[in-house]
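Numbering (our numbering), first residue to last: 1 to 316. To start, the structure itself, in structure tokens.
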């Protein structure tokens with residue numbers, strides 16, 4: 001009975017996140033398509049330069065035990081993920097925009113709280129203009145905008161007097177990261193590119209609720225006491241590589257690096273995600289995700305996340 005309640009609770013929360021994701025897409029889509037609406041006469045020509053594609057994925061796994069002498073703990077989890085790409089290419093111009101959002105929950109038998117396994121909103125838009133010298137090949141001037149935050153509150157869990165407790169650590173827009181930079185862009189295809197921006201501004205935004213009670217020497221994601229943001233100037237490198245390993249197996253790599261010129265430039269922030277997608281058929285996949293994050297503004301150690309599950313995958 002408890003398992004059924006936990007599953008129902010996860011389904012309700014995931015449904016709420018799907019609703020938010022749909023509303024976000026509805027909000028963003030007119031911004032992307034407004035230029036086409038203003039030029040209806042040339043719409044067919046413009047559409048020939050645009051390539052749009054997306055994928056919706058639901059991953060789930062479950063284990064249940066009853067009088068199992070070898071031991072084990074009942075658990076159920078689910079994750080929804082939406083990737084959508086807008087790619088424009090014409091006359092030496094490349095404009096690649098990617099929306100990534102994911103949310104996952106996990107319920108463990110005997111645990112007081114349902115816990116998150118994934119929570120992400122990311123929008124990355126990169127504009128490149130090829131050099132006039134044809135000998136340069138795939139190189140372009142570039143500018144980019146990147147935005148990252150999360151959907152819901154994040155907690156630290158602990159055990160006090162035999163009872164599980166939780167402390168709020170983060171929430172929607174706390175933290176939120178906004179990066180804007182200019183540099184050089186190497187692009188072979190939409191599945192293989194590298195962007196280096198030696199001039200990158202980064203704004204870290206947080207809620208003052210988390211900073212007003214800090215000690216003078218403490219920071220919250222790098223933001224000082226009583227403040228709600230932190231501005232940095234540095235260099236960034238981002239890359240994307242997707243390869244077909246086997247007929248039904250894809251390997252996707254995303255890498256982001258950032259160094260702050262103004263404070264500890266040797267401490268490079270890292271965000272690296274490896275996703276292996278094994279297609280069972282047109283709709284079913286097995287996904288294995290590894291994510292590695294290092295950001296000494298949040299915690300001075302390597303953060304590692306691993307998720308594996310069988311899921312439903314739909315092309316949009």
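Every residue, glycine too, gets a C-beta built ideally from N, C-alpha and C.
Mind checking which residues open and close the beta strand (DSSP E) that includes residue i?
i: residue 249; result: 249-260
i: residue 212; result: Where residue 212 is concerned, there is no enclosing beta strand (DSSP E), given that its DSSP letter is neither H nor E.
i: residue 56; result: 50-63
i: residue 75; result: 75-90
i: residue 103; result: 93-108
i: residue 72; result: No beta strand (DSSP E) holds residue 72; DSSP gives it neither H nor E.
i: residue 194; result: 192-205
Taking all protein chains shown into account, do 16 or more other C-beta atoms lie within 10 angstroms of the C-beta of residue i, making it buried, or fewer, making it exposed?
i: residue 22; result: Below a pLDDT of 50, predicted positions are generally treated as unreliable, and residue 22, at 44, falls in that range; the measurement from the model is reported next regardless. Counting Cβ neighbours within 10 Å, residue 22 comes out exposed, since fewer than 16 surround it.
i: residue 113; result: exposed
i: residue 96; result: buried
i: residue 151; result: buried
i: residue 128; result: buried
i: residue 160; result: exposed
i: residue 233; result: exposed
i: residue 313; result: buried
i: residue 72; result: exposed
i: residue 81; result: buried
i: residue 240; result: buried
i: residue 47; result: exposed
i: residue 158; result: exposed
i: residue 202; result: buried
i: residue 103; result: buried
i: residue 110; result: exposed
i: residue 248; result: exposed
i: residue 315; result: exposed
i: residue 156; result: exposed
i: residue 384; result: Because the chain in this structure spans residues 1 to 316, residue 384 falls outside the shown range and cannot be described.
i: residue 69; result: exposed
i: residue 37; result: Caution applies to residue 37, whose pLDDT of 46 falls short of 50 and renders its modelled position unreliable; the value that the coordinates give is listed next. So residue 37 ends up on the exposed side.
i: residue 183; result: buried
i: residue 181; result: buried
i: residue 66; result: exposed
i: residue 59; result: buried
i: residue 195; result: buried
i: residue 258; result: buried
i: residue 94; result: buried
Relative to the alpha-carbon of residue i, which residue among the options has its alpha-carbon at the smallest distance?
i: residue 79; options: 115, 64 and 111; result: 115
i: residue 124; options: 104, 150, 178 and 141; result: 178
i: residue 302; options: 311, 291 and 308; result: 291
i: residue 139; options: 222, 192, 213 and 157; result: 192
i: residue 99; options: 267, 269, 86 and 105; result: 86
i: residue 214; options: 205, 224 and 206; result: 224
i: residue 106; options: 75, 269, 93 and 50; result: 75
i: residue 266; options: 275, 296 and 182; result: 296
i: residue 52; options: 77, 88 and 221; result: 88
i: residue 122; options: 145, 137, 188 and 294; result: 145
i: residue 260; options: 243, 284, 293 and 199; result: 199
i: residue 126; options: 101, 77 and 187; result: 187
i: residue 64; options: 108, 90 and 197; result: 108
i: residue 327; options: 84, 300, 92 and 66; result: What is shown of the chain runs 1 to 316, which leaves residue 327 out entirely.
i: residue 55; options: 162, 119, 67 and 84; result: 84
i: residue 92; options: 130, 119, 143 and 117; result: 130
i: residue 143; options: 117, 263, 298 and 236; result: 236
Keeping to the same chain, check which residues put their C-beta closer than 6 Å to that of residue i; ignore five residues upstream and five downstream.
i: residue 28; result: Confidence at residue 28 is low in this model, with a pLDDT of 48, below 50, so the placement of that residue should be treated as unreliable; the coordinate-derived value is given next. So the list is empty, once near-sequence residues are dropped.
i: residue 256; result: 238 and 271
i: residue 170; result: 154
i: residue 289; result: 275 and 307
i: residue 205; result: 176 and 229
i: residue 305; result: 291
i: residue 50; result: 88
i: residue 149; result: 121, 173 and 176
i: residue 293; result: 271 and 303
Leaving out the 5 sequence neighbours to the left and right, which residues in its chain are closer than 8 Å to residue i when beta-carbon positions are compared?
i: residue 41; result: Reliability fails at residue 41, whose pLDDT of 44 lies under 50, so the model's placement of it is uncertain and no value is given.
i: residue 208; result: 226, 227 and 228
i: residue 284; result: 310, 311, 312 and 313
For residue i, which residues of its own chain have a beta-carbon under 7 Å away from its beta-carbon, when the five flanking residues on both sides are left out?
i: residue 286; result: 278, 280 and 310
i: residue 227; result: 211
i: residue 174; result: 206, 207 and 210
Whole beta strand (DSSP E) elements within the region 111-180, 3-residue minimum: Fully contained in the region 111-180 are the following beta strand (DSSP E) runs of length 3 or more, in chain order: 115-130, 139-149, 154-160 and 163-170.
Ignoring anything shorter than 3 residues or poking outside the region 220-303, list the beta strand (DSSP E) runs there in chain order. Taking only runs of at least 3 residues, the beta strand (DSSP E) segments lying wholly in the region 220-303 are 229-246, 249-260, 269-279 and 284-295.
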